[in-house]
Amino acid sequence: MKTSQTQLTTILFFLHIFLFTFFPSNVSSDTSTSKSANALITWQKYLLPSTSLTTWSPNNIKNLCSWAGVTCHIGLYLTFLDLANNLFQNPIPSEIGNLNNIKYMSLFNNNLTNKIPNEIANLKKIEVLDLGGNYLTTPSDWSKFNSLLMLTHLSLDLNELTFQFPSFIINCIKLTHLVLSKNHLTGPIPYSISRLTNLQHLDLRSNDFTSTIPSQLGQCTNLKYLALAENSLTGSLPLSLSNLKNIYELGLSDNGLSGEIPSNFLPKWTNLISLQLQNNYFTGKIPSQIGLLKKLNVLFLNNNSFSGNLPNEIGNLQRLYNLDVSINQLSDP
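The sequence shown maps to residues -29 to -1, 1 to 304 in mature numbering (1 follows the signal peptide of the UniProt record, and there is no 0).
As structure tokens, this is what we get:
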């Protein structure tokens, strides 16, 4: 009898482990749902206007997964929050950190203000975070965000961010899309950006970045879109940029860049659709290899100091529909 009791206890123990492992715990999911719902309800009190959030109610917590902007995983955990384009006002509350199962959050194009809350660092599962198009300012300590290692898409554009390149980003090695454009970020683009080898889309336009384009950027060989326009970058183009064989849009306009365009760059950039180098201090001849860019639609070289003749090979660019080489020192044909 004692042996059978022991066997039964053992069976029940392993059955419990099996059920806990392979079937979601209602207690766990209920706790998570309640925690997430209460966080959103707290936020709703400060969000103006809140007319689009009538489903967010303390009397409707069990239906969290049907709330406006909310999507859940298998009807259990809040994993997706889309509040884009609502013109919501006021700060993001610290309770946002209670959405600890969230993987996607977009607050794009609202009127959110104040510092980005440090509690966002609690969202350790988040893969897509879009806070663009607000009036958010730099958090008290970017290093607290080092926990966001699952990020693949990060958009902080069109805000009021200041100081240097956010340090935590360098640890987000899964990033494929990084958008920091139209802020007030200063200092150099860090050499350690070479760690982000999965980057396909990098947009740092319209900031106050200084120094040169780091040669380490050439190690981000998956880049397809690179926008560094409207900064205060100086120096010549690093030779390592020729490694960007997948690049289809390159925007370096409105900086203080100088020197010649190396002729060996262009044969590597055969996927280029748009090349914008206007409003810099480039010199020398326009390389004849420009004619190899058969996919090119847009070529802006205006307001530089290019000299010599316009290469005849530009005539090979049958897809080119927008060309500007004005305000240079080009010779008449």
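Heads up, the beta-carbon is just placed ideally off N, CA and C, and yes, glycines get one too.
Close beta carbons around residue i, own chain, < 7 Å, minus the five adjacent residues each side
| i | result |
| --- | --- |
| residue 122 | 97, 98, 100, 143, 145 and 146 |
| residue 12 | 27 and 29 |
| residue 135 | 156, 157 and 158 |
| residue 162 | 185 and 187 |
| residue 90 | 65, 67 and 68 |
| residue 93 | 68 and 71 |
Residue i versus residue j - alpha carbon distance
| i | j | result |
| --- | --- | --- |
| residue 250 | residue 271 | 9 Å |
| residue 300 | residue 263 | 23 Å |
| residue 243 | residue 284 | 16 Å |
| residue 203 | residue 231 | 18 Å |
| residue 226 | residue 106 | 25 Å |
| residue 19 | residue 261 | 52 Å |
| residue 273 | residue 154 | 26 Å |
| residue 86 | residue 108 | 5 Å |
| residue 196 | residue 234 | 21 Å |
| residue 279 | residue 302 | 5 Å |
| residue 73 | residue 293 | 43 Å |
| residue 160 | residue 125 | 17 Å |
| residue 49 | residue 177 | 35 Å |
| residue 32 | residue 265 | 57 Å |
| residue 201 | residue 75 | 30 Å |
| residue 259 | residue 286 | 11 Å |
| residue 164 | residue 175 | 12 Å |
Among the options, the one whose alpha carbon lies nearest that of residue i
| i | options | result |
| --- | --- | --- |
| residue 84 | 60, 90, 77 and 93 | 60 |
| residue 267 | 258, 289, 254 and 253 | 289 |
| residue 185 | 115, 166, 4 and 103 | 166 |
| residue 222 | 209, 22 and 246 | 246 |
| residue 5 | 21, 22, 27 and 20 | 27 |
| residue 170 | 25, 13, 12 and 149 | 149 |
| residue 36 | 277, 15 and 7 | 7 |
| residue 22 | 189, 201 and 39 | 39 |
| residue 141 | 132, 133, 130 and 173 | 173 |
| residue 138 | 293, 114 and 130 | 114 |
| residue 104 | 33, 16, 130 and 181 | 130 |
| residue 34 | 241, 9 and 16 | 9 |
Own chain residues within Cβ distance below 8 Å of residue i, not counting five before or after
| i | result |
| --- | --- |
| residue 88 | 62, 63, 64, 65, 67, 68 and 110 |
| residue 95 | 71, 118, 119, 120 and 121 |
| residue 228 | 184, 204, 205, 206, 207, 208, 248, 251, 252 and 253 |
| residue 168 | 144, 190, 191, 192 and 193 |
| residue 25 | 39 |
| residue 14 | 63, 64, 66 and 67 |
| residue 291 | 267, 268, 269, 270 and 285 |
Supposed contact pair residue j and residue i - C-beta distance, whole angstroms, cut 8 Å
| i | j | result |
| --- | --- | --- |
| residue 269 | residue 281 | That pair is no contact at about 16 Å. |
| residue 56 | residue 82 | In fact, because the Cβ distance is near 11 Å, the residues do not count as touching under 8 Å. |
| residue 128 | residue 152 | 4 Å |
| residue 194 | residue 218 | 6 Å |
| residue 211 | residue 189 | 3 Å |
| residue 54 | residue 78 | 5 Å |
Contacting residues, own chain, Cβ-Cβ under 6 Å from residue i (five flanking each side not counted)
| i | result |
| --- | --- |
| residue -5 | Confidence in residue -5 is poor, its pLDDT being 42 and thus under 50, which makes the residue's placement too unreliable to answer from. |
| residue 275 | 251, 253 and 299 |
| residue 42 | 51 |
| residue 257 | 277 and 282 |
| residue 239 | 213 and 216 |
| residue 192 | 214 |
| residue 133 | 109 and 155 |
| residue 182 | 159 |
| residue 102 | 78 and 127 |
Which residues DSSP lists as bridging residue i, in chain order
| i | result |
| --- | --- |
| residue 76 | 52 and 100 |
| residue 35 | Beta-bridge pairing links residue 35 to no other residue. |
| residue 255 | 277 |
| residue 230 | 253 |
| residue 295 | 271 |
| residue 82 | 60 |
| residue 312 | Examination of residue 312 is not possible in this model, given that the chain is present from -29 through 304 alone. |
| residue 205 | 183 and 227 |
| residue 42 | 51 |
Any non-hydrogen atom of the ligand ATP closer than 6 Å to residue i Cβ
| i | result |
| --- | --- |
| residue 247 | This structure lacks the ligand ATP; in fact it carries no ligand of any kind. |
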